[in-house]
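J.: I have a structure here, written as structure tokens, and I will follow up with some questions on it.
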Amino acid sequence: MTDDKRNETYEDDYSEYDEFDDGDDGSLSGFSVLLIGMVMFGAFLAITFIAYQQGIKRGENGAGETPYVAADPEPIKIETADNGAQAPDREVYDVFDGDNADPATVLAEGPEEPVERGGEDPIAALAAQAGAQSEETTQAVEDRIASLAEEDAGAFDADPGLEVPDPVAAAAPIEVAVTQEPTTPSRARGALSGSYVVQVGAFRSDDDARAQWARMQSKLGDFVAGKSIDVETADLGARGVYHRLRIGPFSSSDEAKQYCAGLKERGQDCLIKSI
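Residue numbers (full-length UniProt numbering): 1 to 275.
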């Protein structure tokens, strides 16, 4: 009894599993798998065939031609049509061509108009000015020549024992003219109080000597201010009469030399003489 009850119990526990059949399995069968594989293989063949046909068509269209890279046959720049207008010249082209000359500016000539001239002729004024300068230069040259001649004569006057030799032999002795007083007021030799004077020139007339002193006062200013002058008249015989312009007196030779050096620095020739 006991064994029968156990069998019934086991049958009851597993009875629900007995309802399923092995033929009801849901997995694909072998035939279905084969059918699907054949369809996929056929699709692959169809795609390959279509691609092959397309390649053949493209090859037939380009048969006999080798592909290559060619330049664009169209020009890069196109010259514009000439519309008849002339472009202006550019100066930069002249520089490259070596033509660096400045462009000439041509002014249009206007109508001629009368020119008003002043009452004074400029040519005549220049001629008068040149004549005045020439006269002044001539006077300065004559004064210089007379001064040099006076320097030569001063060597004989410095020593009373020396006598001027007779340049031409003559039967009668030559008389040396005594120094005469000038017609215009002037100081005679020895009128100055001192031992030395500075001679600045020898002139043909007393007026020329005093005119030279006036020019020196205007030119030298303070350097000659307060100085006394003496115009000495000397008759040198054949050489003529000279009027010596002297400044002084000075108490010593050194003082006279110092003053003469100052005159030379200012452009005025001079020499030292004792009185």
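From the three backbone atoms N, C-alpha and C, an ideal C-beta is built for every residue, glycine too.
#1: Which residues bound the alpha helix (DSSP H) around A214?
#2: In the DSSP assignment, what residue or residues form a beta bridge with D230?
#3: Within a Cβ cutoff of 6 Å, which residues of the same chain sit near Q199, ignoring the five residues on either side of it in sequence?
#4: So the beta strand (DSSP E) S274 belongs to, where does it begin and stop?
#5: Quick one: what does DSSP say V69 is sitting in, helix, strand or coil?
#6: Classify S81 as helix, strand or coil using the three-state DSSP reduction.
#7: Specify, as a first and last residue, the run of the beta strand (DSSP E) that Q199 falls within.
#8: In three-state terms, what does DSSP make of V241?
#9: Here's a check: name, in chain order, each residue in its chain whose Cβ is nearer than 8 Å to the Cβ of G262, leaving out the five neighbours to either side.
#10: Quick one: Cα of I36 to Cα of A46, how far?
#11: Tell me the residue span of the alpha helix (DSSP H) that contains residue 364.
#12: Among the candidates D254, D143 and Q258, whose CA atom is the shortest distance from the CA of R210?
#13: Spell out the partners DSSP gives D235 in its beta bridges.
#14: At the level of alpha carbons, what is the spacing between A81 and P75?
#15: Alpha carbon to alpha carbon, how far is Y196 from D254?
#16: Rounded to the nearest angstrom, how far is the Cβ of G248 from that of S218, given a contact under 8 Å?
#17: Could you have a look at A130 and say whether DSSP puts it in helix, strand or coil?
#18: Pick out whichever of E79, I275 and P73 has its Cα sitting closest to the Cα of A256.
#19: Buried or exposed for Y52, going by 16 or more other Cβ atoms inside 10 Å?
T.: Taking the structure as given:
#1: D206 to L220 is the span of the alpha helix (DSSP H), which, as asked, contains A214.
#2: R246
#3: The answer, listed in chain order, is R244, R246, L271 and K273.
#4: L271 to S274
#5: coil
#6: The question names Ser, but residue 81 is Ala in the sequence shown. Coil.
#7: Y196 to F203
#8: strand
#9: Within the same chain, G262 has close Cβ partners F223.
#10: Their backbone Cα atoms lie some 16 Å apart in a straight line.
#11: The structure shown does not extend to residue 364, since the chain is modelled only from 1 to 275, so the question has no answer here.
#12: D143
#13: V241
#14: 15 Å
#15: 9 Å
#16: About 20 Å; that fails the 8 Å criterion.
#17: helix
#18: I275
#19: exposed
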